[in-house]
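Under this note's numbering, the first residue of the sequence shown carries the number 91, and numbering increases by one thereafter.
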Amino acid sequence: MKIHESAEDYLEAILMIQKEKGSVRSIDVAHKLGFSKPSVSRAVSLLRENGYIIMQRDGQLVLTDAGHKIAETIYERHVLISNWLISMGIPADVAAEDACKMEHDVSPVTFEKLKEHIAAQTE
Numbered sequence: 091m092k093i094h095e096s097a098e099d100y101l102e103a104i105l106m107i108q109k110e111k112g113s114v115r116s117i118d119v120a121h122k123l124g125f126s127k128p129s130v131s132r133a134v135s136l137l138r139e140n141g142y143i144i145m146q147r148d149g150q151l152v153l154t155d156a157g158h159k160i161a162e163t164i165y166e167r168h169v170l171i172s173n174w175l176i177s178m179g180i181p182a183d184v185a186a187e188d189a190c191k192m193e194h195d196v197s198p199v200t201f202e203k204l205k206e207h208i209a210a211q212t213e
C-alpha cells in the first residue's frame with residue numbers, strides 16, 4: 091500500500107523517537123520534524139483514522155502493525171542510503187538530507203538490488 095510521503099515521514103519519526111526515548115507524544119514529533127503542534131495534531135488524527143497509530147489515554151502514540159511496517163521500511167531505507175552516500179565521501183548532513191528524499195521514491199526492486207550491491211562491496 092502506497093501512502094503519502096508526509097505520512098511516511100511521521101511514521102518514521104515516531105519509530106525513531108520510540109527507539110530513542112521509549113515513548114512518543116505529539117510534541118516529540120513536532121520537535122523532531124520542526125512542525126507546529128496543530129500540524130502534528132492534524133497528521134496524528136489522519137494516521138489514527140487510517141489505522142497506522144493508536145493514541146493511548148495518556149497521549150502516547152503507538153504504531154500499529156501496519157504503521158510499524160511502513161516506519162521500519164522507511165527507516166531501513168534511510169539508514170542504508172545515508173550510510174552508502176557517506177561511504178562515497180558525501181558529508182553526513184548532506185547524505186541524511188538526500189536520503190530523506192530518496193527513501194520515499196526508490197522502488198522495492200531497486201532498493202533490494204542496492205542492498206545486494208552494498209553488501210557485495212563490503213565483503
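Quick reminder that beta carbons are idealized off the backbone N, C-alpha and C, glycines included. Since the structure is predicted, the reported quantities are computational estimates derived from the model, not experimental observations.
Query                                                                                                                                    : Result
Taking the straight line between their C-alpha atoms, what separation do you get for Pro181 and His194?                                  : 21 Å
State the DSSP-derived secondary structure class of Glu130, mapped to helix, strand or coil.                                             : The sequence shown places Val at residue 130, not Glu. Here Val130 sits in helix by DSSP.
Kindly identify the DSSP beta-bridge partner or partners of Ile144.                                                                      : Val152
Going by C-alpha to C-alpha distance, which of Val196, Leu105, Ile160 and Lys111 sits closest to His93?                                  : Here residue 93 turns out to be Ile, not His, going by the sequence shown. Per the Cα distances, Ile160.
Cutting at 8 Å between CB atoms, please list the residues of its own chain near Lys122, excluding the five before and the five after it. : Ala103, Met106 and Ile107
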